[in-house]
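Chains as they are written, first to last, in this note's numbering: chain E, 1 to 72; chain H, 73 to 769.
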């Protein structure tokens with residue numbers, strides 16, 4: 001089975017290894033954003049999505065999470 | 073002729089220098105046969121100096137099977153039968169063989185390092201028919217006349233067989249890794265797509281690509297975190313200064329708000345003035361790696377180019393042997409003699425005079441050592457040839473670094489003024505050069521900005537103009553550039569000083585990486601992934617590091633070459649077996665990646681006629697000429713096509729033409745200025761001003 005975001009083989013759930021790592025990174029960094037700005041998950045996703053420093057795969061995962069409204 | 077001595081050098085330029093230095097009249101006779109020039113020298117005994125053309129022999133497959141793997145049978149063979157377009161190698165071998173029949177004494181005068189030793193050894197063994205046991209070794213670090221005469225008089229009675237053993241092992245192991253893994257990848261990709269693409273990897277290429285890929289992944293999954301910095305703009309006397317919050321960055325927004333509330337409208341008092349002197353010790357002399365990094369930092373000359381330039385300067389006897397890893401300058405090189413020679417150049421007159429007035433000259437040496445050569449130093453010689461700009465710059469850098477090494481420390485006076493605003497501390501930092509020391513010798517390469525602060529006293533009140541909070545974000549890890557990649561390879565101890573820059577070029581050639589700030593292509597990702605998945609030990613730094621250690625042991629006589637080769641073959645047998653069983657999956661992955669990478673390269677932009685096709689660079693099957701065509705042509709929808717310049721390298725631009733909106737390309741032809749070109753030949757921009765030049769948005 002292929003990853004939902006690219007043609008790589010998926011590992012578990014919906015994503016390949018790289019996109020899964022990007023998702024884990026998004027979750028990990030959320031704690032720091034909460035600490036810094038006391039922000040909710042949706043606003044956090046919007047903030048990092050429009051940030052030019054956010055990596056390509058992380059942005060792809062954000063879009064996917066927002067569109068499918070799933071918790072991976 | 074009786075008792076003829078045959079001296080073998082690594083390169084023609086070295087043969088010429090050695091001949092000029094050793095001939096009693098300084099005018100050796102030269103003979104040219106089939107484009108190879110050798111020299112007949114008058115001395116106590118007749119001497120012939122003959123050059124090689126780098127490696128004349130190489131490791132190759134015993135059986136000539138091209139499309140099979142694994143391959144474990146190898147031997148050393150002339151390069152002309154292994155590689156294409158190397159007919160000069162054949163001429164060179166023929167001439168050396170012919171001359172060796174007349175000679176009784178053999179001297180290997182190739183560069184004194186592993187590669188030089190292998191070049192000399194293989195020529196003596198194969199071209200001169202087993203003369204390696206009786207041959208002598210000339211060891212020199214510069215091609216200056218005095219050094220060559222000294223090396224000739226103090227010729228070593230035999231070759232350095234321990235270095236040769238280590239060198240042979242390195243070549244054979246690298247060949248085994250390269251041929252088996254590269255062949256496996258290429259054959260698997262070809263089997264799947266029926267299309268030939270050279271894919272390669274190796275003992276050093278694998279780990280290098282692996283950490284480039286790891287960096288790329290870390291950038292692609294990066295998520296920034298916010299933080300704040302706060303500055304206090306204060307007026308001291310008539311000047312304005314920005315004092316930084318002493319505790320550094322602030323990670324929480326509420327903390328920032330508290331600081332701003334606490335400081336608003338409060339008194340601003342100088343609490344403490346701290347002064348300190350910092351010594352900047354003079355730099356270490358250059359070794360190849362540090363020279364490559366400095367040349368890249370200052371002049372943007374790539375490491376591979378720097379290595380070539382340094383080699384040319386060495387062959388002209390302007391600098392010492394560049395492929396060194398030493399940071400030591402032994403007294404025997406003659407510090408004063410070199411500096412006196414440099415003094416003849418008006419550019420260095422003042423600086424050298426200052427050093428020569430010193431009673432003792434002691435270089436600031438670094439920890440790195442190389443038993444074969446000292447650090448890179450100028451010889452003080454001049455050349456009749458007009459040097460190219462990059463050569464001039466590199467030579468000047470080496471000379472100035474050499475002079476700086478003997479100079480005193482520079483002293484920097486640092487001042488920090490702490491300002492308290494309602495117990496929140498801010499600081500202004502100032503620096504001033506107290507003693508210029510070595511930095512004077514290293515101009516314009518050392519830049520230092522003085523920031524002089526006004527005279528203030530403790531408890532002095534200053535005016536707070538405003539607080540400046542700044543929201544910032546953490547940044548993704550930087551991409552490697554050729555210089556930082558070289559540093560990383562050096563730190564991880566993979567590759568050698570001579571081969572590292574070549575590895576980076578190979579990765580580029582294979583289209584695994586591109587750009588000055590290195591980006592890993594889709595193909596690079598896939599190759600690295602496949603290797604990590606199916607043969608993790610190949611991409612691990614540990615493997616190559618351990619091998620380097622074993623190579624050192626071979627040099628010391630503590631390890632056997634045969635054992636290292638046997639272990640390598642065992643590992644490769646396992647690896648290739650795994651690759652063979654997974655050929656179908658790997659082939660599909662490689663094929664996808666090759667397609668994607670090639671498509672990325674040739675896409676120029678969107679077609680403005682049909683609006684949904686892509687413009688790609690194609691070649692006409694009929695004429696072989698390149699042109700740009702729309703991808704919808706193949707669907708029979710769009711016939712848009714544009715002509716292209718047939719010479720030079722073409723790269724698509726991101727920006728489109730300002731006049732017509734058509735995609736633009738960058739054309740670079742060697743020796744000419746790079747120009748931007750609109751694809752549309754009828755574009756109005758081409759009729760304004762210069763022909764074929766346009767403005768891009």
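We put the beta carbon where it would ideally sit given N, CA and C, even for glycine.
- Message: For residue 435 of chain H, which residues in the same chain have their Cβ closer than 6 Å to its Cβ, ignoring the five residues on either side in sequence?
- Response: Position 363 of the second chain, counted from the first residue, corresponds to residue 435 of chain H. Excluding sequence neighbours, residue 435 of chain H sits near 401, 477 and 478.
- Those residues which DSSP pairs with residue 111 of chain H across a bridge: The sequence position of residue 111 of chain H within the second chain is 39, counting from 1. For residue 111 of chain H, which the question treats as bridged, DSSP gives the partners H:102 and H:121.
- Three-way DSSP call (helix, strand, coil) for residue 84 of chain H in this model: The count along the second chain starts at 1 and reaches residue 84 of chain H at position 12. Note: residue 84 of chain H maps to helix in three-state DSSP.
- Query: Does the region 279-288 of chain H touch the region 242-261 of chain H, meaning 3 or more C-beta pairs lie closer than 8 Å?
  - Reply: no
- Alpha carbon to alpha carbon, how far is residue 220 of chain H from residue 213 of chain H? Numbered from its first residue, the second chain carries residue 220 of chain H at position 148. Numbered from its first residue, the second chain carries residue 213 of chain H at position 141. Looking at the two C-alpha atoms, the distance is approximately 9 Å.
- Message: Whole angstroms are fine: how far does the CA of residue 335 of chain H sit from the CA of residue 727 of chain H?
- Response: Taking the first residue of the second chain as position 1, residue 727 of chain H is located at position 655. Taking the first residue of the second chain as position 1, residue 335 of chain H is located at position 263. In a straight line, the C-alpha of residue 727 of chain H is about 48 Å away from that of residue 335 of chain H.
- Query: Quick one: what's got a C-beta closer than 7 Å to residue 238 of chain H's C-beta in the same chain, skipping five residues either side?
  - Reply: Along the second chain, read from residue 1 onward, the residue named residue 238 of chain H stands at position 166. Counting only Cβ-Cβ distances below 7 Å, and skipping sequence neighbours, we find 186, 623, 626 and 627.
- Message: Is residue 65 of chain E close to chain H? Criterion is C-beta to C-beta, closer than 9 Å.
- Response: Along the first chain, read from residue 1 onward, the residue named residue 65 of chain E stands at position 65. Not one chain H Cβ lies under 9 Å of residue 65 of chain E.
- Task: For the region 413-431 of chain H and the region 367-380 of chain H, state whether three or more C-beta atom pairs, one from each stretch, are separated by less than 8 Å.
- Result: no
- Taking the CB atoms as reference points, tell me whether residue 702 of chain H and residue 687 of chain H lie closer together than 9 Å. Start at 1 with the first residue of the second chain, and residue 702 of chain H comes out as number 630. Start at 1 with the first residue of the second chain, and residue 687 of chain H comes out as number 615. Cβ distance < 9 Å, so residue 702 of chain H and residue 687 of chain H count as in contact.
- Message: Any beta carbon of chain H sitting closer than 9 Å to that of residue 37 of chain E?
- Response: The sequence position of residue 37 of chain E within the first chain is 37, counting from 1. At least one chain H Cβ lies under 9 Å of residue 37 of chain E.
- Query: Between residue 268 of chain H and the ligand SAH, is the CB less than 8 Å from at least one heavy atom?
  - Reply: Although the ligand SAH was asked about, the structure shown includes no ligands whatsoever.
- Item | Where residue 335 of chain H falls: helix, strand or coil (DSSP) | The residue you call residue 335 of chain H lines up with position 263 of the second chain. Correct three-state label for residue 335 of chain H: helix.
- Message: If distances are taken between C-alpha atoms only, which option among H:656, H:699 and H:200 comes closest to residue 675 of chain H?
- Response: The sequence position of residue 675 of chain H within the second chain is 603, counting from 1. With distances taken between Cα atoms, residue 675 of chain H lies closest to H:699.
- Hey, residue 710 of chain H and residue 685 of chain H are a contact pair by Cβ (cut 8 Å); roughly how many whole angstroms apart? Along the second chain, one-based indexing puts residue 710 of chain H at 638. Along the second chain, one-based indexing puts residue 685 of chain H at 613. Confirmed, about 5 Å.
- Excluding sequence positions up to five away, which residues of its chain have a Cβ less than 7 Å from the Cβ of residue 232 of chain H? In the second chain, counting from the first residue as 1, residue 232 of chain H sits at position 160. Excluding residues within five positions, the ones whose Cβ falls inside 7 Å are 189 and 209.
- Task: Would you mind giving the Cβ-Cβ distance between residue 48 of chain E and residue 296 of chain H, rounded to the nearest angstrom? I have them listed as a contact below 8 Å.
- Result: As a first step, residue 48 of chain E is located in the first chain; it is residue number 48 there, counting from the start. As a first step, residue 296 of chain H is located in the second chain; it is residue number 224 there, counting from the start. Rounded, the Cβ-Cβ distance is 7 Å, consistent with contact.
- Item | Exposure label - residue 513 of chain H; buried when at least 16 CB within 10 Å | Locating residue 513 of chain H in the second chain gives position 441, where the first residue counts as 1. Result: buried.
- Task: Using 10 angstroms around the beta-carbon of residue 706 of chain H, count the other beta-carbons present and answer buried if the total reaches 16, otherwise exposed.
- Result: As a first step, residue 706 of chain H must be located in the second chain, where it is residue number 634. Burial call: exposed.
- Task: Using a Cβ-Cβ cut-off of less than 8 Å, give me the residues of the region 655-671 of chain H that come near chain E, in sequence order.
- Result: 664
- Query: Closest to residue 620 of chain H by CA distance: which of H:116, H:307, H:114 and H:242 is it?
  - Reply: For the purposes of this step, residue 620 of chain H is identified with residue 548 of the second chain, where counting begins at 1. The residue with the shortest Cα to Cα distance from residue 620 of chain H is H:242.
- C-alpha gap between residue 533 of chain H and residue 484 of chain H, whole angstroms: Position 461 of the second chain, counted from the first residue, corresponds to residue 533 of chain H. Position 412 of the second chain, counted from the first residue, corresponds to residue 484 of chain H. Each residue's Cα considered, the two are about 28 Å apart.
- List the endpoints of the continuous beta strand (DSSP E) containing residue 750 of chain H. Here residue 750 of chain H refers to the residue found at position 678 of the second chain. Start and end: 747-750.
- Item | Sufficient close CB pairs (3 or more, under 8 Å) joining the region 130-144 of chain H to the region 93-101 of chain H | no
- Task: Report the neighbours of residue 33 of chain E on chain H: residues whose CB is nearer than 8 Å to its CB, in chain order.
- Result: Locating residue 33 of chain E in the first chain gives position 33, counting from the first residue. In chain order: 297 and 298.
- Any idea which residues DSSP pairs residue 326 of chain H with across the strands? Sequence index remark: in the second chain, residue 326 of chain H carries index 254 (1-based). Paired residues: none, contrary to the question.
- Message: Beta-carbon within less than 8 Å of residue 364 of chain H's beta-carbon, same chain only, minus the 5 sequence neighbours each way: which residues are those?
- Response: Translated into the one-based positions of the second chain, residue 364 of chain H becomes position 292. Result list for residue 364 of chain H: 375, 378, 379, 555, 558 and 573, in chain order.
- Message: Against chain E, with Cβ distances strictly below 9 Å, would residue 541 of chain H count as a contact?
- Response: Looking up residue 541 of chain H in the second chain gives position 469. It does not: the Cβ of residue 541 of chain H has no partner Cβ on chain E nearer than 9 Å.
- At least one CB of chain E closer than 9 Å to the CB of residue 378 of chain H: is that the case? Taking the second chain and counting its residues from 1, the one referred to as residue 378 of chain H is at position 306. For residue 378 of chain H, the answer is no, since every Cβ of chain E falls outside 9 Å of its Cβ.
- From the beta carbon of residue 51 of chain E, is the nearest beta carbon of chain H less than 9 Å away? Along the first chain, one-based indexing puts residue 51 of chain E at 51. Residue 51 of chain E counts as touching chain H.
- Given that residue 324 of chain H touches chain E, what residues does it touch there, using C-beta distances under 7 Å? Against the second chain, residue 324 of chain H aligns to sequence position 252. Result: 35 and 36.
- Task: Please state if the CB of residue 397 of chain H and the CB of residue 22 of chain H are separated by a distance shorter than 9 Å.
- Result: Residue 22 of chain H cannot be examined here, being either before or after the span of chain H that is shown, 73 to 769.
- Query: Quick one: Cα of residue 43 of chain E to Cα of residue 34 of chain E, how far?
  - Reply: Locating residue 43 of chain E in the first chain gives position 43, where the first residue counts as 1. Locating residue 34 of chain E in the first chain gives position 34, where the first residue counts as 1. Straight-line Cα distance between these residues: approximately 11 Å.
- Query: Per DSSP, what kind of secondary structure is residue 4 of chain E in: helix, strand or coil?
  - Reply: For the purposes of this step, residue 4 of chain E is taken as residue 4 along the first chain, with counting starting at 1. Coil at residue 4 of chain E, not helix or strand.
- Which one or two residues does DSSP pair with residue 301 of chain H in a beta bridge? Taking the second chain and counting its residues from 1, one reaches residue 301 of chain H at position 229. In DSSP, residue 301 of chain H forms a bridge with H:542.
- Task: For residue 294 of chain H, go through chain E and note every residue whose CB falls closer than 8 Å to its CB, in chain order.
- Result: Counting from 1 along the second chain, the entry for residue 294 of chain H is found at position 222. Per Cβ cutoff of 8 Å: 25, 53, 54, 55 and 58.
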